[in-house]
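The opening residue of the sequence shown carries number -5 in my numbering; numbering runs sequentially from there. Heads up, the beta-carbon is just placed ideally off N, CA and C, and yes, glycines get one too. This one's a predicted model, so the numbers in the text were calculated from it and none came from an experiment.
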Amino acid sequence: MIRTITALALMLVVHSLTAYAQNVAGLWLGITYPSNPKQQPFNYTMTLTQTGNTLGGTAQTANPDIPFGGLAYLSGQVTGTSVTFSEADQTGSSTVKDICFWKGKLTYNPTDESLTGTYENITNSTTCTKSEGGTVELYRIVLKSGSRFCKGSPMPLLVTGKNIRWYASEAKTNLLATGNTFSPQLNKTTTFYITQTLYANESPAVPITVDVVEPTFTASVTKAECGQKNGRIAVSTTNPAGWQYSLNGGAYQTAPTFTNLGSGTYTVSVKDDIGCQTEQSVTLAATAAPTIDAVQTVPPRCGLTTGEVSLTASGGTGALSYSIDSVTYRSQPLFQNLAGGNYTVRVRDASGCEATRPVSLPTSFSVGITTITSTSAGCGQPGSLTLATTGGSGAIEHSIDGRTFQPGTIVSGLRGGNYTVQIRDGAGCTASKSASVAGNSGPVIDSLLATVPKCLTANGALTVLASGGTGTLVYSIDESAYQANPQFGNLSGGTYLLRVRDATGCQANKQGTLAPSVPFLIVSVNVKPTTCGLANGQASMLVTGGDGPIRFSTDGRRAQASSRFDSLQAGTYRLFAQDSAGCTAGQSVTVAASTLPTITDVATTPEACGQKNATIIIATAGRASQYTFAINGGPYQSDSSFTGLNGGAYTVAIRDVHDCISTQLISLAVDCADAVHLPSAFSPNADNRNDVLASFFSFPSLDVIRFVVYDRWGGVLYSRTNFALTNGAPIWDGQLGDGGKAPAGIYPYRLDCRFPDGSRSTYQKVVTVVK
């Protein structure tokens, strides 16, 4: 038997024996295309092994329907991408009865994992004499994408081969996907079984395992001591090669240890060799260290050791102790009797952890008066004392009454006499010394009292307060005649020269200034007219100048603090403003009048009994387009007509563009006079003809509120209340309230009823009882 078709599946394993050798080991599925057009292509598989550049393996038909189903044994070579092979039987012989073995040359394409090329018969003179051949193409399944993926990340898988099918098991019972790409959602490592199909022949399943990676690690901690940043976190993993580590989202590092850490909670992140990440929250405990919360100081004063330092501390372990010299520790946090200088205060807990803080106390100095130089007083020339001081800190002040201090060391403006001078430095340290000033300096103007002019009137004043001198003092202003009164009135704003003179002619002068009178004016007024004919006008004013508080008033109203007047009727008003000095300003304003919209007429049509067809039409004084209309508090509309109404009372309203509203109360009548027919006579003689007074109407029922029959003097003979009637039902059968029968005669009656729509009506008629 001559084999004319061979399909190949090749597994070629290429070791690095040459720079160009390829690994083609594996299971290949292919098709052979014979050169003889009478022969059909068939599928064949080849399973190849590779040692270095040397090939081995088997080939057989993949189609069980062709005659040859046995194995052919392969040998060959791989050089770069070139593959050569030849077939034989198990003993290596190519001379087998009825069999033509092949040899061929193929080219390997690593991109699509294909072997393509030609084959030809291995001819001999006995078993295979025909020189035939053809082309062959072979494909193998190779995972081109990565096989390791991070848990939860996309997993785009890509394999080579033709007409790929992905199965869940080697039995190929559960088809998961088709095609060269597949993106499963995996939470654990999974093996897929993949086949390819050529020429209606599906290959055996090739297992491909996808590793789902979720890195794990453990973290060990070394706590921080004494509140310092000396803690440590160490990360350990089972296979740390290529792993990186990060703390609190920082840059990744290759070292698995983080040092110089304080207490707290940290996020430790790890990333393995393929970039899969995970993280843990790690808490780093600490040995609590004491904390100096606050330091209060009292500086030393006046050259003495009166300084103090006190601490407020918290935290730590056990009792706290305190030191200011690093040698002696005490239980109390107060240090007294300190001189100025630099200190370091310390607090220590029971475990020996310490906290420190530098503290500085300023250097203090004592102050003193060494000498006082006196200048005598004379007429118009007051005496003085010049002080020479020593020590002290900051600016020096002096006082001759122990209360009021002045800057500097010269005491001026003194009369003759004895003084005790006291000095004070910037730290509040004091010293005092006595001294005398000889002579008499004459009068002195101690101060001036000013009364500012008001209301643009010369009503200001200046009063001289003077002391010293000999005898009686007299006063003058701007070279005027001297007077005994120290006050000068009727002054306008300006600058004046005041003088005082004693009995010896010794005098002193001082310049005084009065501020000019500021005009008190109404700057502007704002007037809002009335609306809707109401007393709702408004007027307000803006003033300038004047002394507060300012009060405002208008005609017929009490003065008020507000400059706005509300609830004004239309008319002319005089607005006034008055300040605390009595200055006034006024201005007239006019508040414009307004009117309400006018309803000139309301046309109505009554409701036919129970028909809800009454109408209202409102007429106005102006154009109807200027107004909107409403009834009974409902929404406003532009149409002045309202239809489909029940009878009854209505409030009609008209509103203009200023939201002014006028209303009018109207009543819609209900025409029910003919709604109920009541016969004028009946004969209650039991002959079944006209035996009762009945009512007739066109609606389903009638509610009777009250039915009363009277005698001719108005006495009640029969009464019935709160019952329902149907059409033709009896109202009265001639029986009287006392059980007797009504004699023949004419009887007045009243019927109060309610119709189905809720409206009511009253019928007052007479009926004749016939015997």
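{"query": "Distance CB(A387)-CB(R409) smaller than 8 Å", "result": "The residue asked about is misnamed: residue 387 is Ser in this sequence, not Ala. The answer is no: Cβ separation not under 8 Å."}
{"query": "For S619, the three-state DSSP class (helix, strand or coil)", "result": "helix"}
{"query": "For F749, three-class secondary structure by DSSP", "result": "coil"}
{"query": "Residue nearest to S69 in terms of C-alpha spacing, selected from T306, V664, F693 and T43", "result": "T43"}
{"query": "Beta-carbon separation (whole angstroms), T41 vs L21, contact threshold 8 Å", "result": "5 Å"}
{"query": "Continuous beta strand (DSSP E) stretch holding P150: start and end", "result": "Element bounds for P150: n/a, residue is neither H nor E."}
{"query": "Environment of N233 [buried if 16+ CB atoms lie within 10 Å]", "result": "exposed"}
{"query": "V760 to L659 span [Cα, whole Å]", "result": "35 Å"}
{"query": "DSSP beta-bridge partners of T599", "result": "T609"}
{"query": "Where I740 falls, given that 16 or more other Cβ within 10 Å makes a residue buried", "result": "exposed"}
{"query": "Simplified DSSP state of L442, which is helix, strand or coil", "result": "strand"}
{"query": "Identified DSSP bridge partners for I286", "result": "A307"}
{"query": "CB contact flag (V670, L687, <8 Å)", "result": "no"}
{"query": "With 16 other Cβ atoms within 10 Å as the buried cut-off, status of P327", "result": "buried"}
{"query": "When I404, C654, E131 and T609 are compared against D633, the one with the closest alpha-carbon", "result": "T609"}
{"query": "Same chain, Cβ closer than 8 Å to V8, five either side skipped, listed in chain order", "result": "In this predicted model, V8 has a pLDDT of only 28, less than 50, meaning its place in the structure is not dependable; the value taken from the coordinates is given anyway. Excluding residues within five positions, the ones whose Cβ falls inside 8 Å are A15, Q16, N17, V18, A19, Q44, G46, N47 and V72."}
{"query": "For G362, the residue or residues it bridges with in DSSP", "result": "T384"}
{"query": "Three-state secondary structure assigned by DSSP to L569", "result": "strand"}
{"query": "I227 - containing beta strand (DSSP E), residue span", "result": "G225 to S230"}
{"query": "The stretch 440 to 449 / the stretch 560 to 570 touching (three or more Cβ pairs under 8 Å)", "result": "no"}
{"query": "Exposure label - T592; buried when at least 16 CB within 10 Å", "result": "exposed"}
{"query": "Reduced DSSP category for W237 - H, G, I as helix; E, B as strand; rest coil", "result": "coil"}
{"query": "Cut-off 6 Å between Cβ atoms - residues of its own chain near T657, not counting five sequence neighbours on either side", "result": "T645 and A647"}
{"query": "Completely contained beta strand (DSSP E) runs for the stretch 534 to 585, where each covers 3 or more residues", "result": "545 to 548, 558 to 562, 565 to 572 and 578 to 585"}
{"query": "Separation of Q290 from S358, as counted between CA atoms", "result": "18 Å"}
{"query": "Where K759 sits in the DSSP three-state scheme", "result": "strand"}
{"query": "Rounded C-alpha distance that separates G752 from V710", "result": "28 Å"}
{"query": "Proximity of A736 and V764 at Cβ, strictly below 8 Å", "result": "no"}
{"query": "At least 3 beta-carbon pairs within less than 8 Å: the stretch 525 to 540 vs the stretch 396 to 414", "result": "no"}
{"query": "Any 3 or more C-beta pairs closer than 8 Å across the stretch 216 to 227 and the stretch 183 to 196", "result": "no"}
{"query": "V303 and L278 closer than 8 Å at C-beta", "result": "no"}
{"query": "F176 in three-state terms, based on DSSP", "result": "strand"}
{"query": "Helix, strand or coil at V512 according to DSSP, with G and I counted as helix", "result": "coil"}
{"query": "Straight-line Cα distance separating G627 from L536", "result": "42 Å"}
{"query": "Cβ-Cβ distance between N811 and G127 below 8 Å", "result": "Absent from the structure is residue 811, since the part of the chain shown begins at -5 and ends at 765."}
{"query": "Whether V431 touches S474 by CB criterion (8 Å)", "result": "no"}
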